[in-house]
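Read the structure below first, then the notes.
There are 4 protein chains.
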Amino acid sequence: MVIVMGSEATPDDIESIVGLVATAGGEAFVSRGVSRTIIGLVGDVERFAALNLRGKSGVADVMRVSVPYKLVSRENHPERSTVRVGGVPIGPDTVTLIAGPCAVETPRQTLEAAEMAKAAGATLLRGGAFKPRTSPYAFQGLGEEGLRILADVREKTGLPIVTEVVDAHDVELVASYADMLQIGTRNTQNFALLQAVGKAGKPVMLKRGMSGTIEEWLMSAEYIAQRGNLDIVLCERGIRTFETATRNTLDVSAVPVAQRLSHLPVIIDPSHSGGRRDLVLPLTRAAVAVGADGVIIDVHPHPEQALCDGPQALVNGDLRELARVMRQFPPLLGRTLTDATHAVPVPA
Amino acid sequence: MVIVMGSEATPDDIESIVGLVATAGGEAFVSRGVSRTIIGLVGDVERFAALNLRGKSGVADVMRVSVPYKLVSRENHPERSTVRVGGVPIGPDTVTLIAGPCAVETPRQTLEAAEMAKAAGATLLRGGAFKPRTSPYAFQGLGEEGLRILADVREKTGLPIVTEVVDAHDVELVASYADMLQIGTRNTQNFALLQAVGKAGKPVMLKRGMSGTIEEWLMSAEYIAQRGNLDIVLCERGIRTFETATRNTLDVSAVPVAQRLSHLPVIIDPSHSGGRRDLVLPLTRAAVAVGADGVIIDVHPHPEQALCDGPQALVNGDLRELARVMRQFPPLLGRTLTDATHAVPVPA
Amino acid sequence: MVIVMGSEATPDDIESIVGLVATAGGEAFVSRGVSRTIIGLVGDVERFAALNLRGKSGVADVMRVSVPYKLVSRENHPERSTVRVGGVPIGPDTVTLIAGPCAVETPRQTLEAAEMAKAAGATLLRGGAFKPRTSPYAFQGLGEEGLRILADVREKTGLPIVTEVVDAHDVELVASYADMLQIGTRNTQNFALLQAVGKAGKPVMLKRGMSGTIEEWLMSAEYIAQRGNLDIVLCERGIRTFETATRNTLDVSAVPVAQRLSHLPVIIDPSHSGGRRDLVLPLTRAAVAVGADGVIIDVHPHPEQALCDGPQALVNGDLRELARVMRQFPPLLGRTLTDATHAVPVPA
Amino acid sequence: MVIVMGSEATPDDIESIVGLVATAGGEAFVSRGVSRTIIGLVGDVERFAALNLRGKSGVADVMRVSVPYKLVSRENHPERSTVRVGGVPIGPDTVTLIAGPCAVETPRQTLEAAEMAKAAGATLLRGGAFKPRTSPYAFQGLGEEGLRILADVREKTGLPIVTEVVDAHDVELVASYADMLQIGTRNTQNFALLQAVGKAGKPVMLKRGMSGTIEEWLMSAEYIAQRGNLDIVLCERGIRTFETATRNTLDVSAVPVAQRLSHLPVIIDPSHSGGRRDLVLPLTRAAVAVGADGVIIDVHPHPEQALCDGPQALVNGDLRELARVMRQFPPLLGRTLTDATHAVPVPA
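First to last, the protein sequences are chains H, F, U and A.
Mapping of the first sequence onto UniProt numbering: position 320 corresponds to residue 320, and the numbering continues sequentially without gaps.
Mapping of the second sequence onto UniProt numbering: position 42 corresponds to residue 42, and the numbering continues sequentially without gaps.
Mapping of the third sequence onto UniProt numbering: position 218 corresponds to residue 218, and the numbering continues sequentially without gaps.
Mapping of the fourth sequence onto UniProt numbering: position 2 corresponds to residue 2, and the numbering continues sequentially without gaps.
This is the structure we're talking about:
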């Protein structure tokens, strides 16, 4: 931690900071300049934070020089992690395709979408039973009935299930069906929910807040990790900017940045970033090329009838191209598409 | 609703839209231009929305021409509303000052802060017992103990209490102590929590999401209203932009815009917008001058010891100036500072 | 300047930094921590900047602790400045109203607008002869003919003229007519233009870039100041955010922040911020209340016929209210509306 | 164009709009709804724009349904264009690598950087002689001396030159040396400069404004095209957002969006987007994969001594990897890296 004293700071002000740091068991190194003095702090950052140094007389600025998260940081865990979902890995050696319908609507639509997903190379099935919607008048999902449909389709296709949970109260229920719990962009700072999934015993996919910094995203992951769950996959899904041609702006740079700061896998959601079907394939190629550990994609057998986000779902005609991308791009990065051979059996 | 057909749209595409609109009980007015055709829709927007017209062949764009919220809209409720909190009004005739500590820490700190608030003209006491914090390692609030302290200080000062609730699970508990439930910026789209406070039988203060549009904010209010609770006060608290000199950018324009779109009262939080003590008084003046129905301000007897947001709390020296602002500015807008004479007794 | 070394930095890396700093005539104070080392630099920042320390081996971050502008900084010039435009002051003791048409269209429209402006309390006339327009197909201004109209209206009303210059090539021409040169938001980082107005011998109004930070704005002012011209007035006019209900988001906090960092006067443009007539008066009140040294407002005798930004121009009916605001609000801040008594005669 | 009437609009208001549209030679189709009326306009949009319909009584909103640019639009020019720079193509069939130093510093540094660029597969040389810098105290480029160095290096390496022009006054000079004129992000709305390069008879690379929408970018291209120059290459270089881990946020989606709206080639600048060396290669891979027609990259023989943007320049060790990416990725998109065989001789 570095304290920058204002030009009006007195010697007493500086003395006082040095004393406080000592009481917190730290050491303060004072650099006196012509117009300003800088104090470097060495010791326990948590204890320094409790001193509220920013509020002290003469202090102009306090700058943190280490990251505020620990368990998810790469500093003490240089090896990148692999998270297994129903036996299927998401990690640095492969590229994992997760696909399925935005919302579970009927058994038939879900099964058809799962089969489309599988044909394109997916090894995990996505599908929403609980949908967070901006409007209270929009379709909110089938709830537990949707979870049952998903479980049934897993039975038929062998694809483990990734599904969203929107309320701490529902975590136990959703976890009893799902292989991976998804936290959506509007809930990235719903700390009660983060703590609940941290205790649920299932891997978690944590979307980035649509206006969240990468640091805040990692702090949210830390909330989950702190409850004992390190099976977390980060998912970049576009951030909010002034541009209106796309629903959000996909921040591909977030992938290498987050992978350097954290050991957790990082994937991309090309469907919700742009919100336009014509962008899904170009953004999927960019996602794999930038080094994402996976992609999660909306597919729908009849997008014109979809109850949610139909306009961005890939249709049958696009899936051959998706399959080609997933097969041809990963090898250029020394990876392969995750397939059945990477999965490990899960004990019953 | 207006449908803009793409230049590649065929007569059959247009025909098909007209037919669909008819099946939904609406009428379609077709305007054929040289390069494009426009279809104006008249009828029930909800039913049109369910048609997924955006996904149909030939459709280039779908433009909504009415607002997506109803209960909180001013269209059918031209009179601006007044919300009463423990008898104290927040509405178009007065300017209400809400003040208190960011976090409840001790009985003494809370009482001192409440007395400072009262001396400055406050008629409502703010104070957090449950604190949503970006870091899991930061002080998270005293919980129910904090609520008891608040209730005790209300007893002593007569100030009704505004306090935050962060988890749907805690709504009943918090509502049993509080006079008004506050929804923080990170929970503005926590729909489970919105629905829970909608049923809690207490007025709600709904902060704007730090990256939420005004329309999304009103949609979130609609979630609360839909459960039967129209005692909602909107609170602008700064939005996230590229500027780093302030914690957030206070959007004063949001006050007249939201007051024009909705009948609900709109207040401003000058403390959390800038995150700097030196900005609180200038932003408070701007808030009253732009037409806010109230302001909510952090005060702390000893900000250098505060466990939360100390650097932005007003101290004793600033409070005389705050009192002057609250007394002198409202009359220029034909209002008065809310005081004891505006409160109505609340039946026990 | 503070250098933060990465956890992988070697003793040689640190040694090397210390040596470089010494060659630049500075001193380096090394604070060794458990996981990181911090080096505080004292000396000439310009010379340190030339060392490219950020690129050196072992360096994780370089943090500047002093502002990068000098002439416009308040550090060495604690007194706030007053700028005189044709004798009329813009500064800390008064609030100056600048008003007039967005674009000069005809002699009659300009004269009528000037008379409206004067009646509302304006002591300076704004009006554009050269208009920067996003579309090459939009009205680009009357050019020199517009300047002649403005000069003629100045003759008739006694109001000094503020007008925009968009091309370094035109600075001499515009300066031969204008009393103050305006730099628009799209040209805030047009450094050739800034340097040209720096040499033109006329006061300059520098709008903030619509996506510029306050620091960048002050750096742009420094470009002008560096050419010997310190008669600069900063003008906040809204920044670009994700919100679409307003054209831009007026950042009122920028006024106290810029006034604290710089000695230059700071005014607000409430017309172009919101881009909506119904917001102009509320934002004007907020501008004066937050402490702006002036406001600049669009007025038009017949806004429905305006060739530019008609929808945001105040009309006759609003001007009485504007006059009242300009008369009643400044005294609450210990100021008065700038009027004829504040002007000093300008030698011919 | 579609006019949405407010709920308070009278039959006379509607009548009046219909009449105005007729006087402008257009047709108005009126759709009367229960609470609102919509008027679809068919005819000449330019003439409608001149009516200022938004300011008329009863009008709530005016929505444009066609794009405001023409010459650069893909609507009337469905084939994507190829622009040739000194014979080297930038277009849909190849991927062109442009590389070189951010700033020209010495003959030797420039020649070494050009040789590095060529070895990595570059067929065009970038290098700045005029540098727009936020600070007036930063290195501003060598000016004409830099242009002479570039011309000399072109002679030695055979690489045509891309270089920035920052002042309309310098366009002729820069054009007398350069093969392609670059317009930087701070000048994207410097309309005087756009018009000057439009007449200069050389291809132009137009960077996107750092806070510019895609539509504004295309409007800026229209300014150039309007002066008779359609040899324009669009360059995405990152936009300004709230994220601070990267200098800007690279908006890869802008490539397919702009390619769909315009026939002009679109390239990406991965160096200036992130501002970090470790991001250049991942972002280059993403750029090629998303479908960019080229990339422009900073290389420097000794980045630790660079006078400008050293921290983001690729060094020798990275260039083999860059060469591999440029060779292996384009074929997956049915393209090849632009090489000598694609160049056509330029008549002397």
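Ideal Cβ placement from N, Cα and C applies to all residues, glycine included.
Short CB-CB distance (under 8 Å) between residue 262 of chain A and chain F: Within the fourth sequence, residue 262 of chain A is the residue found at index 262, counting from 1. For residue 262 of chain A, the answer is no, since every Cβ of chain F falls outside 8 Å of its Cβ.
Per-residue contacts from residue 48 of chain F into chain A (C-beta, under 8 Å): The count along the second sequence starts at 1 and reaches residue 48 of chain F at position 48. Those within 8 Å of residue 48 of chain F in chain A number zero; the least Cβ separation is about 11 Å.
Beta carbon proximity, residue 40 of chain F to chain A, threshold 8 Å: Start at 1 with the first residue of the second sequence, and residue 40 of chain F comes out as number 40. Chain A, which has a Cβ nearer than 8 Å to the Cβ of residue 40 of chain F, makes this yes.
Burial state of residue 317 of chain U (16 or more Cβ within 10 Å): Locating residue 317 of chain U in the third sequence gives position 317, where the first residue counts as 1. It is exposed - the Cβ of residue 317 of chain U has fewer than 16 other Cβ atoms within 10 Å.
Contacts around residue 88 of chain F, its chain only, beta-carbon distance under 8 Å, and the 5 residues preceding and following it disregarded: Taking the second sequence and counting its residues from 1, one reaches residue 88 of chain F at position 88. Excluding sequence neighbours, residue 88 of chain F sits near 96, 123, 124, 160, 338, 342 and 343.
Amino acids of chain A, ordered along the chain, whose beta-carbon sits closer than 9 Å to that of residue 210 of chain U: The residue given as residue 210 of chain U occupies position 210 in the third sequence. Here the neighbours are 211.
For residue 1 of chain A, the three-state DSSP class (helix, strand or coil): Start at 1 with the first residue of the fourth sequence, and residue 1 of chain A comes out as number 1. Here residue 1 of chain A sits in coil by DSSP.
Neighbourhood of residue 6 of chain H by C-beta distance below 8 Å, restricted to the same chain and skipping five residues each side: For the purposes of this step, residue 6 of chain H is taken as the residue at position 6 of the first sequence. Cβ neighbours of residue 6 of chain H beyond the five flanking positions: 36, 58, 59 and 60.
Coarse secondary structure for residue 182 of chain U, derived from DSSP in three states: By 1-based counting over the third sequence, the position of residue 182 of chain U is 182. Strand.
Per-residue DSSP class, three states only, for residue 40 of chain H: Start at 1 with the first residue of the first sequence, and residue 40 of chain H comes out as number 40. Here residue 40 of chain H sits in strand by DSSP.
Any 3 or more C-beta pairs closer than 8 Å across the segment 130-144 of chain U and the segment 101-109 of chain U: yes
Rounded distance between the beta-carbons of residue 185 of chain A and residue 199 of chain A, thought under 8 Å: Here the question's residue 199 of chain A lines up with position 199 in the fourth sequence. Here the question's residue 185 of chain A lines up with position 185 in the fourth sequence. So it is not a contact: roughly 22 Å between Cβ atoms.
Three-state class that DSSP yields for residue 110 of chain H in the structure shown: The sequence position of residue 110 of chain H within the first sequence is 110, counting from 1. In this structure, residue 110 of chain H counts as helix in the three-state DSSP scheme.
Proximity test, residue 300 of chain H beta-carbon vs the ligand COA heavy atom, cut-off 7 Å: Absence of the ligand COA from the depicted structure is noted, as is the absence of any ligand whatsoever, leaving it without description.
Residue 79 of chain H and residue 263 of chain H closer than 8 Å at C-beta: The residue you call residue 79 of chain H lines up with position 79 of the first sequence. The residue you call residue 263 of chain H lines up with position 263 of the first sequence. Against a cut-off of 8 Å, the Cβ pair of residue 263 of chain H and residue 79 of chain H comes out as a contact.
CB of residue 197 of chain U within 8 Å of CB of residue 224 of chain U, strictly: Taking the third sequence and counting its residues from 1, the one referred to as residue 197 of chain U is at position 197. Taking the third sequence and counting its residues from 1, the one referred to as residue 224 of chain U is at position 224. Against a cut-off of 8 Å, the Cβ pair of residue 224 of chain U and residue 197 of chain U comes out as a contact.
Buried versus exposed, by CB contacts within 10 Å (16 or more), residue 189 of chain H: Counting from 1 along the first sequence, the entry for residue 189 of chain H is found at position 189. Buried, by the Cβ-count rule.
Cβ-based contacts, 8 Å cut-off: residues of the segment 222-233 of chain A near chain U: 222, 223 and 226
Residue-chain proximity (residue 269 of chain U, chain F), Cβ-Cβ < 8 Å: Counting from one through the third sequence, the residue named residue 269 of chain U turns up at place 269. So, not an interface residue.
Reference residue 307 of chain A, options U/1, U/49 and U/150, closest by Cα: Locating residue 307 of chain A in the fourth sequence gives position 307, counting from the first residue. Answer by Cα proximity: U/49.
Min CB distance residue 135 of chain U to chain A below 8 Å: The count along the third sequence starts at 1 and reaches residue 135 of chain U at position 135. Interface residue, yes.
Alpha-carbon to alpha-carbon, residue 92 of chain F and residue 81 of chain F: Position 81 of the second sequence, counting from 1, holds the residue named residue 81 of chain F. Position 92 of the second sequence, counting from 1, holds the residue named residue 92 of chain F. Straight-line Cα distance between these residues: approximately 7 Å.
8 Å Cβ cutoff, residue 353 of chain H in contact with chain A: Lying before the first or after the last residue shown, residue 353 of chain H is absent from chain H, which here runs from 1 to 348.
Pair within 8 Å by beta-carbon distance, residue 113 of chain U and residue 252 of chain F: Position 113 of the third sequence, counted from the start, is the residue given in the question as residue 113 of chain U. Position 252 of the second sequence, counted from the start, is the residue given in the question as residue 252 of chain F. No.
Straight-line Cα distance separating residue 322 of chain F from residue 331 of chain F: Along the second sequence, one-based indexing puts residue 331 of chain F at 331. Along the second sequence, one-based indexing puts residue 322 of chain F at 322. Their Cα atoms are separated by approximately 15 Å.
Residue 346 of chain U burial status per 10 Å Cβ neighbour count (16 or more: buried): Along the third sequence, read from residue 1 onward, the residue named residue 346 of chain U stands at position 346. The residue is exposed, with fewer than 16 neighbouring Cβ atoms inside 10 Å.
Where residue 101 of chain A meets chain U, residues with beta-carbon distance less than 9 Å: Along the fourth sequence, one-based indexing puts residue 101 of chain A at 101. Residues of chain U passing the Cβ test: none, with the nearest at roughly 14 Å.
Residue from F/153, F/73, F/38 and F/29 whose Cα sits closest to the Cα of residue 216 of chain F: As a first step, residue 216 of chain F must be located in the second sequence, where it is residue number 216. The option with the nearest alpha carbon to residue 216 of chain F is F/73.
Interface positions of the segment 150-171 of chain H facing chain F (Cβ-Cβ less than 7 Å), listed along the chain: 166, 167, 168 and 169
Runs of beta strand (DSSP E) wholly within the segment 51-132 of chain U (minimum 3 residues, chain order): 59-63, 83-85, 88-90, 94-100 and 124-126
For residue 42 of chain A and residue 66 of chain A, the rounded distance between their alpha carbons: As a first step, residue 66 of chain A is located in the fourth sequence; it is residue number 66 there, counting from the start. As a first step, residue 42 of chain A is located in the fourth sequence; it is residue number 42 there, counting from the start. Cα to Cα, the separation comes out at about 11 Å.
Spatial neighbours of residue 26 of chain H in its chain, beta-carbon cut-off 8 Å, leaving aside the 5 residues before and after: Position 26 of the first sequence, counting from 1, holds the residue named residue 26 of chain H. So the list reads 41, 42, 43, 44, 47 and 48, once near-sequence residues are dropped.
Residue 294 of chain U (DSSP reduced to helix, strand or coil): As a working note, residue 294 of chain U is residue 294 in the third sequence. Note: residue 294 of chain U maps to strand in three-state DSSP.
Host beta strand (DSSP E) of residue 28 of chain F (start-end): Within the second sequence, numbered from 1, the residue matching residue 28 of chain F stands at position 28. First-last of the beta strand (DSSP E) with residue 28 of chain F: 27-32.
Residue 269 of chain U, buried or exposed, once every other Cβ within 10 Å from all chains shown has been counted against 16: Position 269 of the third sequence holds residue 269 of chain U. So residue 269 of chain U counts as buried.
Chain F within 8 Å of residue 284 of chain A, Cβ atoms only: Counting from 1 along the fourth sequence, the entry for residue 284 of chain A is found at position 284. Answer no: the Cβ-Cβ gap between residue 284 of chain A and chain F never drops below 8 Å.
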